[in-house]
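The sequence shown begins at 19 in the numbering used here and counts up one residue at a time.
Here a beta-carbon is modelled for each residue, glycine too, at the ideal position from N, C-alpha and C.
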Amino acid sequence: MNQNNHIIDLMERVVIGRQLLENLCESFPDRLKKQKVRALIVTGPNVWKIHRTRLEKGLAKGDISYEVHIAEVPHLDEAKKISEEAANINADMLIGFGGGKSIDLAKYASSVINKIFVSIPTAASHDGIASPFASLKGGGWSTSVKAQQPTLVLADLDVISSSPRKLLIAGAGDAIAKFTAVADWRLAHLLRNEYYGSFASGLALLSAKHIVRNREIIAKDQVEATRIILEALINSSVAMGIAGSTRPASGSEHLFSHALDKIAPKPALHGEQTGVGTIMMAKLHRLNWKKIRSVLKKIGAPTNAKELGIPEDKIIEALTIAHKIRPERYTILGDRGLTWEAAERLAVETGVIF
Ligand SMILES: [Zn+2]
Numbered sequence: 019m020n021q022n023n024h025i026i027d028l029m030e031r032v033v034i035g036r037q038l039l040e041n042l043c044e045s046f047p048d049r050l051k052k053q054k055v056r057a058l059i060v061t062g063p064n065v066w067k068i069h070r071t072r073l074e075k076g077l078a079k080g081d082i083s084y085e086v087h088i089a090e091v092p093h094l095d096e097a098k099k100i101s102e103e104a105a106n107i108n109a110d111m112l113i114g115f116g117g118g119k120s121i122d123l124a125k126y127a128s129s130v131i132n133k134i135f136v137s138i139p140t141a142a143s144h145d146g147i148a149s150p151f152a153s154l155k156g157g158g159w160s161t162s163v164k165a166q167q168p169t170l171v172l173a174d175l176d177v178i179s180s181s182p183r184k185l186l187i188a189g190a191g192d193a194i195a196k197f198t199a200v201a202d203w204r205l206a207h208l209l210r211n212e213y214y215g216s217f218a219s220g221l222a223l224l225s226a227k228h229i230v231r232n233r234e235i236i237a238k239d240q241v242e243a244t245r246i247i248l249e250a251l252i253n254s255s256v257a258m259g260i261a262g263s264t265r266p267a268s269g270s271e272h273l274f275s276h277a278l279d280k281i282a283p284k285p286a287l288h289g290e291q292t293g294v295g296t297i298m299m300a301k302l303h304r305l306n307w308k309k310i311r312s313v314l315k316k317i318g319a320p321t322n323a324k325e326l327g328i329p330e331d332k333i334i335e336a337l338t339i340a341h342k343i344r345p346e347r348y349t350i351l352g353d354r355g356l357t358w359e360a361a362e363r364l365a366v367e368t369g370v371i372f
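Take a look at the structure:
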């Protein structure tokens, strides 16, 4: 294939609604409804225990036979094991059923053996639920590997809205991160002539704005908040699919979060960390960081070190090493990153540390 071709893979169907698990097959695209399907379900022990009955009820209504793989660590080796298992049982479809880990493993494993991937998130805590990239360990410095977009995303509001609110609010923090991710992408285009897609960046920005516009509803109504945050996260996944990279969704605020994952004694949730990162990186970009902070506060997301449960010196250290996490990803942090003093000043001025 011509190297210059820009290929966009998108989802075939997204279903957001209620009682979707027990009516699983009704959501399938028509071509899958008509055939016998053999599936490998990749899930975690807790999710399987809580939601097993409803999913099995849904599977029993269609012509679907299945095996279950209880996922271990989100590592490339585990994903390879899953793809071998799926090949051995002649699976046509891998279903990622859970939070981030199970979805990422099934997504990557299905792409290795070129099988259908169905994403059934049980929480809306990050935009990996529908993106073509998987966060798996074992890939060197890179924090995400190319996999494939799901054929079907099934977001059951009954399941997702019953997950802890903390997870949902983290999802809003991952969506609001697109303000600085897009600003970083634009900067890399201006300074490094990196490919920049204005359509994909506009789409990603829409996800962040969707959170800002709907902050009152998110603060009050759990089911509607779930729907809004899901829309923002799925939209951001589409932006990544269109760009062909995580650029529209992940900039300096994500590098800061990845740095915390490496050095914090007990890292907070991905979206909680990217939310706080967005406040600080927005100040560097001269964006309206106070507004971003007030929206995060309003919806109950952490906005400082104490609320993240991370020592203040680790926040500063993460700011000083964030630029090394993915050196090829140019951001406002530049090639040399922030000095300790500059990082401390930024964190103090934005109220992240006191
Ligand atoms: Zn993210």
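Sorted by chain position, which residues of the same chain lie with C-beta nearer than 8 angstroms to V313's C-beta, five sequence neighbours on each side aside? Within the same chain, V313 has close Cβ partners I194, I229, V230, R233.
Beta carbon of A267, beta carbon of K316: below 8 angstroms? It is not a contact, given that the beta carbons lie outside the stated cut-off.
With three or more C-beta pairs closer than 8 angstroms as the rule, is the segment 28-39 touching the segment 51-62? They do not touch, by the three-pair rule.
Mind pulling the beta strand (DSSP E) runs of 3 or more residues that sit fully within the segment 71-143? If we require 3 residues or more, the beta strand (DSSP E) runs fully inside the segment 71-143 come out as 82-88, 111-116, 134-139.
Using the C-alpha atoms, what's the distance from K342 back to G269? When rounded, the distance between both Cα atoms is 13 angstroms.
Between the C-alpha atoms of G8 and V60, what's the straight-line distance to the nearest angstrom? There is no way to answer for residue 8, as the model of the chain reaches only from 19 to 372.
Do you know offhand how far T140's Cα is from A89's? The alpha-carbon atoms of T140 and A89 are separated by roughly 15 angstroms.
Where E290 and R344 are concerned, what is the direct C-alpha to C-alpha distance, given to the nearest angstrom? Spanning the two alpha carbons is a distance of roughly 20 angstroms.
Measuring only from the beta carbon, is H276 closer than 7 angstroms to any heavy atom that is part of ligand 1? At a threshold of 7 angstroms, H276 does not count as near ligand 1, since its beta carbon sits no closer than that to any of the ligand's heavy atoms.
By the DSSP assignment, the beta strand (DSSP E) with L170 in it spans what residues? For L170, the enclosing beta strand (DSSP E) begins and ends at 170-174.
Can you have a look at K424 and say buried or exposed, based on whether 16 or more other CB atoms are within 10 angstroms of its CB? The displayed coordinates of the chain run from 19 to 372. Any statement about residue 424 would go beyond what the structure contains.
For ligand 1, I want to know if H228 counts as a neighbour, meaning its beta carbon is within less than 7 angstroms of at least one of the ligand's heavy atoms. Remark: the C-beta of H228 is outside contact range of ligand 1, defined as less than 7 angstroms to any heavy atom.
Are I247 and A190 close, meaning C-beta to C-beta below 8 angstroms? Between I247 and A190, the C-beta gap is smaller than 8 angstroms, which places the two residues in contact.
Would you check whether ligand 1 has a heavy atom nearer than 7 angstroms to the C-beta of A261? Checking the Cβ of A261 against ligand 1 gives no.
At least 3 beta-carbon pairs within less than 8 angstroms: the segment 208-218 vs the segment 255-266: Result yes; three or more Cβ-Cβ pairs closer than 8 angstroms.
Bridge partners - I59, DSSP secondary structure assignment: I59 is bridged to V86, I113.
Per-residue DSSP class, three states only, for I34: The answer is strand: DSSP assigns I34 an E or B state.
State yes or no: is the C-beta of L356 within less than 8 angstroms of the C-beta of L326? For the 8 angstroms CB-CB criterion, L356 and L326 do not form a contact.
CA nearest to the CA of K155, picked from T198, Y126, K98, L94: Nearest C-alpha to K155 among T198, Y126, K98, L94: L94.
Does ligand 1 have a heavy atom nearer than 7 angstroms to the CB of D145? Under cutoff, so the answer is yes.
Span separating the alpha-carbon of A199 from that of A365: Each residue's Cα considered, the two are about 19 angstroms apart.
Out of A127, T368, K227, which one is the CA nearest neighbour of K308? It is T368.
Anticipated Cβ contact below 8 angstroms, A323 with I333, distance rounded: The distance from the Cβ of A323 to that of I333 is about 5 angstroms, consistent with a contact at the 8 angstroms cut-off.
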